[in-house]
Amino acid sequence: MQANIDNSNEYINWIEEAISTGNIKCYDYGRFRNIKEICIGSLGKVYCANWNNFKDHMALKSFYNLNKITAKEIVHEIQLQRGLDFHNNIVRFCGITAENNTKNYSLVMEYADSGTLRNYLKENFETLTWDDKFNLAFQLTHVVLCLHDEGVVHRNLHSNNVLIHKNTIKLANLGLSKRIEEASDPQSRSVGMIPYADPKSFAQVDSQSQMYSLNEKSDVYSIGILLWEISSGHPPFPDEPHDIGLIMDILDGYREVPVPNTPKEYVKIYTECWNSEPDDRPTISEVFDKLKAAKEKFINETNYSMIVDKMVILFDKIEEKKENEKQIILNYLKNHNIIPIEFYDWLLSNQDNSNSNYIVLLGEFNYLGIETDINESRAFELYQKAANLENISGINNLGYFYRNGIGVIPNKKRAFELYQRAADLGSISGMNNLGYCYENGIGVSPSGKQAFKLYEKAANLGNTYGMKNLGDCYYYKIGTKIDEQRTFELLQEAANLGNTSGMNDLGHSYRHGIGTNVDKEKAFECYQKAADLENCVAQYNLAFMYEKGEGTEKNLDKAIYWYKKSAEQDQDAQMKLKQLLK
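Counting from -19, one number per residue, gives the positions in the sequence shown under my numbering.
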């Protein structure tokens, strides 16, 4: 850690006076342990060491040649560090040390456990999420914003001057930074590392140009390059020599290209930052605000994307009738604090996304009339589009439409083929629907045994309608022997998982003692729960319980109310309602 000392008395005296007055702590070099070299720079080396017997590391920043210029930069960095030590994203200045009681001073700094940003990205990029990348970009922009607010221009931002400690950005090497009023001096300038440097600083390449003074917009340019580096995981132009050729290309507008799957707003921010004309670049405050907005939008879109996938998986397991499915979707969105119209608009504007589940869910919204008019033809088109992309939910739903003639002429054979294809691709709902085809001879010869096998497979994989249908197999002797207790168990399992038909049939089991003891009150509770979830059969049964006073007190007003609710979807309830209202 030796250095040559040359004509630096003025600044050495400043350091010694600061030490003597207690303004700077002086560490006894002999008490540092486990000194290891960790970095070599243009001005000197950086070491890590333990102070005394403490476990935590400290960084020692030494210098090759302690001449007047270097000593001046040391003093300058100390002054800036002391003025900015309130910010957690700036490497903390701890004090000074000198080897063997010489004036060969080294700075004692906070140690960054993950090294430089460049190294951190190299080592960790594969595990970084976009949330992590946004956090790094946000921290970096915020600390530069604070520098500018304090009237300081960094002038030398690059990924080797940004450190990482416990996943937190730590801005380092402020020795080249200048107060804004000082930076206005054309003689006070530094080109720095070519890919990160403001192209205006290359003015000397053109002999007709005047020297350019680095300023806040120069930092903004460097931030743009760093934001790109965070998105890519590697420094700019890694395979090209950093020479006059690269300088000329950059002056001609040459830039790195956006990395695939980078959020559009993020790309827009860094491309605005690296505009060739400083006046056309945003301020660091504008960059900060735009990043904040982009991050919030990204989080919302990420949440929406997760919601889409979870809903499609949910429907594959729960699989409800149309009248119940709409309510399940609305309840799901409500439970996740999502406004339906905003979610629908987002779905509509993201149909070009590579995730075909977006297409399927938009089909659901059109089929059920959620935040749009019911449009079965449009729903059919969307399911067809998703099916063509091998989306198993799209294939399964398309089969349902062909089976029931929704938005298309009924085609039982085509429905069977689509269910078979969906089941082969792993659709649990497809397995259940295929079982239904075998049970009822839809597009295939009836086979109770085959239906039983498919219902059992779907039930074991968590499909609630598969559980209900398997329960029916045990009750009606379809492909197996009668086992009413097993019927009751399966209906209870389906009901517990939210299947409204399972709830209704469980109520029927309690009411008539199928696989369990007769319990009219529990039957009433099951009907009530399913009725509240818009199951029209359960609404009819609940009305009947009120009419007859079974499992609850007799109440004709409530009976009429629930018959009316059921009558909106069920013809039997309409006839019953007419009888009561005579």
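Don't be surprised by glycine CBs; every beta carbon is placed ideally from N, CA and C.
| said: On the CB-based measure, 16 or more other CB atoms within 10 Å of its CB, does Ala564 come out buried or exposed? | reply: Coverage of the chain is limited to positions -19 through 562, which leaves residue 564 absent and any answer about it impossible.
| request: Return the CA-CA distance between Val517 and Ile458, expressed in angstroms with no decimal places. | output: Straight-line Cα distance between these residues: approximately 23 Å.
| message | Restricting to Cα atoms, I'd like to know which of Lys433, Leu108 and Cys506 is closest to Glu419. | response | Lys433
| said: In this structure, how does DSSP classify Ile70 when only helix, strand and coil are distinguished? | reply: strand
| Counted within 10 angstroms of its Cβ, other Cβ atoms place Val498 as buried (16 or more) or exposed | exposed
| task | Within 10 angstroms of the Cβ of Arg169, are there 16 or more other Cβ atoms? Answer buried if so, exposed if not. | result | Residue placement at Arg169 cannot be trusted, given a pLDDT of 40 that sits under 50; what the coordinates show is reported in the next sentence. Buried, because 16 or more other Cβ atoms sit within 10 Å of the Cβ of Arg169.
| said: Could you check whether Tyr100 and Leu137 sit closer than 8 Å to each other, using their CB atoms as the reference points? | reply: Not in contact: Leu137 and Tyr100 (Cβ atoms no closer than 8 Å).
| Supposed contact pair Val55 and Ile(-5) - C-beta distance, whole angstroms, cut 8 Å | 7 Å
| said: Rounded to whole angstroms, what is the Cα-Cα separation between Cys253 and Arg135? | reply: 15 Å
| query | Apart from the five residues just before and just after Tyr490, which ones in its own chain have a Cβ nearer than 6 Å to its Cβ? | reply | Asp499, Lys502 and Ala503
| query | Using a Cβ-Cβ cut-off of 8 Å (strictly less than) and excluding sequence neighbours within five positions of Gln119, which residues of its own chain qualify? | reply | Asn69, Thr148 and Ile149
| Straight-line Cα distance separating Glu(-3) from Glu(-10) | 11 Å
| So the alpha helix (DSSP H) Lys393 belongs to, where does it begin and stop? | Lys392 to Asp404
| Under a three-way DSSP split, which group does Trp254 fall into? | coil
| said: the ligand NAD and Gln430: does the residue's C-beta get closer than 7 Å to at least one heavy atom of that ligand? | reply: For the structure depicted, the ligand NAD is absent and the ligand set is empty, with no information on it obtainable.
| query | When the distance is taken between beta carbons, is Thr467 closer than 8 Å to Ile298? | reply | no
| Asn(-7), buried or exposed, once every other Cβ within 10 Å from all chains shown has been counted against 16 | So Asn(-7) counts as exposed.
| On the three-state DSSP scale, how would you describe Glu548? | coil
| message | The alpha helix (DSSP H) that contains His122, what's its start and end? | response | Run containing His122: Trp110 to Asp129, per the alpha helix (DSSP H) assignment.
| field | C-alpha gap between Gly493 and Asp552, whole angstroms | value | C-alpha separation (whole angstroms): 24 Å.
| task | Taking 8 Å as the threshold, find out whether the segment 94 to 109 comes into contact with the segment 189 to 199 through three or more Cβ pairs. | result | Put simply, the segment 94 to 109 does not touch the segment 189 to 199. Fewer than three CB pairs are less than 8 Å apart.
| request: Could you name each continuous beta strand (DSSP E) segment of 3 residues or more that falls completely within the segment 44 to 69, going from the start of the chain to the end? | output: 45 to 47
| said: If I measure Cβ to Cβ from Lys538 and keep anything under 6 Å in the same chain, skipping five residues before and after, which residues do I get? | reply: Tyr526
| request: Note the first and the last residue of the continuous beta strand (DSSP E) segment covering Thr148. | output: Thr148 to Leu151
| field | Where Leu40 falls: helix, strand or coil (DSSP) | value | Three-state DSSP puts Leu40 in a strand.
| query | Considering only residues of the same chain and omitting the five flanking positions on each side of His37, which have a CB-CB separation below 8 Å? | reply | Leaving aside the five residues that flank His37 on each side, the residues in its chain whose CB is nearer than 8 Å to its CB run, in chain order, Cys28, Ala29, Asn30, Tyr91 and Asp93.
| request: Count the other CB atoms, across all protein chains shown, that sit within 10 Å of the CB of Phe66; report buried if there are 16 or more and exposed otherwise. | output: Phe66 comes out exposed.
| Where does the unbroken beta strand (DSSP E) through Arg13 begin, and where does it stop? | Phe12 to Ile20
| task | Could you spell out where the beta strand (DSSP E) holding Glu530 opens and where it closes? | result | That residue, Glu530, is in no beta strand (DSSP E); it is neither H nor E in DSSP.
| field | Terminal residues of the alpha helix (DSSP H) in which His488 lies | value | Element bounds for His488: Thr480 to His492.
| Pick from Glu257, Met483, Glu464 and Thr352 that is closest to Thr496, judged by C-alpha positions | Glu464
| query | Which residues mark the beginning and the end of the beta strand (DSSP E) in which Ser86 is found? | reply | Tyr85 to Glu90
| query | What are the boundary residues of the beta strand (DSSP E) that includes Ala177? | reply | Run containing Ala177: none; DSSP gives neither H nor E here.
| field | Burial state of Lys306 (16 or more Cβ within 10 Å) | value | buried
| Apart from the five residues just before and just after Cys19, which ones in its own chain have a Cβ nearer than 6 Å to its Cβ? | Val26
| request: Sort Glu344, Ile540, Leu405 and Val124 by Cα distance to Tyr520 and report the nearest one. | output: The closest CA to that of Tyr520, considering only Glu344, Ile540, Leu405 and Val124, is found on Ile540.
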